[in-house]
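The block underneath contains the structure these notes are about, expressed in structure tokens.
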Amino acid sequence: MHHKVLRVFSRGISTFKLVDVSPEVSRALAERQPVLALESTIITHGMPYPRNLEMAESVEQIVREQGAVPATIGIIGGRVKVGLERDSMVELAILKTPAVKTSRRDFPYVLSKGLNGGTTVSGTIIVANLVGIKVFATGGIGGVHRGGEVSMDVSADLTELGRNPVTVVSSGVKSILDIGRTLEYLESQGVCVATYGPTKDFPSFYTPCSPHQAPYHVESPKEAAGLIHSLLELGLKSGVLLGVPVPGQFSMAGEEIEAAIDAAVAEAEQKNITGKEVTPYILSRVSALTSGKSLDTNVALMLNNAKVGARIAVELQRLTSIQPLRMATVGHKLSNLAVGNFVLRSFARP
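Start counting the sequence shown at 1496; every next residue gets the next number (this note's numbering).
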């Protein structure tokens, strides 16, 4: 039995294999259906098993219910996968084989060694843009860490948003970080930041708002799609961060979550935890210190962001069908699908 997959090749280098795209996602891209990218670090490093697998499957179901195709991105055996099959998702969820938290700097090593990897927000942005997916939903992005003005600990999520025209739908910046400095950094990267809702109050992940405001706000999927369409039509190389407040019934009291975060950050410093281990450690400790309430909130906001992101992807596709974007095509003698700067070719695989 054969089925179709898409493998991505750099323009003009037909032997350089980069990415496998699932049959479902490849059909959606070929037929210009709405597709929503999803990350896999939330599966490998964000939640314990089986909560992580249940959440990932629920997210994909919600995306489909809104009329979009989910494309969970991860790395299996040194191959980047766009649209994880269930067995691959289970493999990442149970961590039978350790998975590397993968962003731009990690791709060469993880792929060359044939490892498994959970793509971070930054890693997912890169792959989504590579294959032409323009909307991506996650829980919260990374940012400038507290004390980052001294440690220089700044997430690669911010720089990738500044160099890829992908819209990230999230509940803002993880509240364990320095939200104000993160917004300043995003401004310097040329990232358009807007909130989703009636106000410009920038969300604080576990709570609907922070003391900070975004420059802009949009109030509907249609309005958000118009913003994204304008970005793409101009050919800007930077992305959009869309902050979606956590639904009120799932939000946490600001004092409670701040106390837990302060305690977790202090513990991380005492244990000299650094680099990409910091965020998973703090999130785990915050969950323990709040008796699991922060994890419940994390799941709820992820499900809501997936719903909002899928609706935006649907509206963007509808708008693009009415007002086609100026897209460069790649000439080739074979029947190829041109997406961005890459050619997607269809292959049969047993």
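Just so you know, even glycine gets a beta-carbon here, dropped at the ideal spot from N, CA and C.
{"Asked": "Please state whether DSSP places H1707 in a helix, a strand or coil.", "Found": "coil"}
{"Asked": "Per the contact definition of three or more C-beta pairs closer than 8 Å, is the region 1696-1716 in contact with the region 1595-1612?", "Found": "no"}
{"Asked": "Does DSSP put S1733 in a helix, in a strand, or in coil?", "Found": "coil"}
{"Asked": "Could I get the ranges of all uninterrupted beta strand (DSSP E) runs contained in the region 1507-1575, with 3 residues as the minimum, in chain order?", "Found": "1512-1516, 1530-1533, 1564-1571"}
{"Asked": "Short check: CB of V1558 to CB of V1622, under 8 Å?", "Found": "no"}
{"Asked": "Would you decide whether I1589 is buried or exposed? Buried here means 16 or more other CB atoms lie within 10 Å of its CB.", "Found": "exposed"}
{"Asked": "K1766: buried (16+ other C-beta within 10 angstroms of its C-beta) or exposed?", "Found": "exposed"}
{"Asked": "What's the call for T1536, buried or exposed, on a 16-neighbour Cβ count within 10 Å?", "Found": "buried"}
{"Asked": "Given that a residue counts as buried once 16 or more other Cβ atoms are within 10 Å of its Cβ, and exposed if not, what is E1555?", "Found": "buried"}
{"Asked": "Quick one: what's got a C-beta closer than 7 Å to S1725's C-beta in the same chain, skipping five residues either side?", "Found": "none"}
{"Asked": "Give every residue of the same chain whose Cβ lies closer than 6 Å to the Cβ of T1539, excluding the five residues on either side of it in the sequence, and list them in chain order.", "Found": "L1587, A1594, G1613"}
{"Asked": "For A1689 and chain D, any beta-carbon pair shorter than 8 Å?", "Found": "Here there is only one protein chain, and chain D is not present."}
{"Asked": "Given a cut-off of 8 Å on the beta-carbon distance, is the pair I1671 and S1699 in contact?", "Found": "no"}
{"Asked": "What do you reckon, are the CB atoms on R1599 and A1651 nearer than 8 Å?", "Found": "yes"}
{"Asked": "What first and last residue would you give for the alpha helix (DSSP H) that runs through S1665?", "Found": "Here S1665 belongs to no alpha helix (DSSP H); instead the beta strand (DSSP E) covers 1662-1665."}
{"Asked": "Have a look at A1823 and S1816 and give me their C-alpha separation to the nearest angstrom.", "Found": "Per-residue confidence for A1823 stands at a pLDDT of 38, beneath the threshold of 50, marking its modelled position as unreliable; the derived number appears in the next sentence. Looking at the two C-alpha atoms, the distance is approximately 16 Å."}
{"Asked": "With H, G and I counted as helix, E and B as strand and the rest as coil, what does DSSP make of V1760?", "Found": "helix"}
{"Asked": "For F1631, report the span of its beta strand (DSSP E) as first-last.", "Found": "1630-1632"}
{"Asked": "I need the straight-line Cα distance from V1645 to V1760, nearest angstrom please.", "Found": "15 Å"}
{"Asked": "Considering only residues of the same chain and omitting the five flanking positions on each side of E1810, which have a CB-CB separation below 6 Å?", "Found": "P1716, K1717, A1720"}
{"Asked": "Is it right to say A1551 is buried, meaning 16 or more other beta carbons lie within 10 angstroms of its own, or is it exposed?", "Found": "buried"}
{"Asked": "Hey, would you say V1735 sits closer than 8 Å to V1686, going by beta carbons?", "Found": "yes"}
{"Asked": "Quick check: what's the CA-CA separation for P1543 versus G1770?", "Found": "21 Å"}
{"Asked": "Among E1655, D1757, E1679, which residue has its Cα nearest to the Cα of V1639?", "Found": "E1679"}
{"Asked": "In whole angstroms, give me the CA-to-CA distance for A1447 and A1689.", "Found": "Residue numbering for the chain in the displayed model covers 1496 to 1845; residue 1447 lies beyond these limits and cannot be assessed."}
{"Asked": "Please classify L1731 as buried or exposed, where buried requires at least 16 neighbouring CB atoms within 10 angstroms.", "Found": "exposed"}
{"Asked": "Under the DSSP definition of a beta bridge, which residues are partnered with Y1604?", "Found": "DSSP, once it has assigned bridges, lists no residue as partnering Y1604."}
{"Asked": "G1643 and R1676 - do their beta-carbons sit closer together than 8 Å?", "Found": "yes"}
{"Asked": "Which residue wins for smallest C-alpha separation from T1702, given the options V1741, S1517, I1570?", "Found": "V1741"}
{"Asked": "From this set, N1659, V1616, A1523, L1814, which residue's C-alpha is nearest L1564's C-alpha?", "Found": "Position check: residue 1564 holds Val in this sequence, whereas Leu was assumed. The option with the nearest alpha carbon to V1564 is A1523."}
{"Asked": "I'd like the list of long-range same chain contacts for E1751, defined as Cβ closer than 7 Å, with 5 residues on each side in sequence excluded.", "Found": "T1785"}
{"Asked": "Can you say whether T1619 is buried or exposed, counting buried as having 16 or more other CB atoms within 10 angstroms of its CB?", "Found": "buried"}
{"Asked": "Please report how far the alpha carbon of A1525 lies from the alpha carbon of G1749, in whole angstroms.", "Found": "45 Å"}
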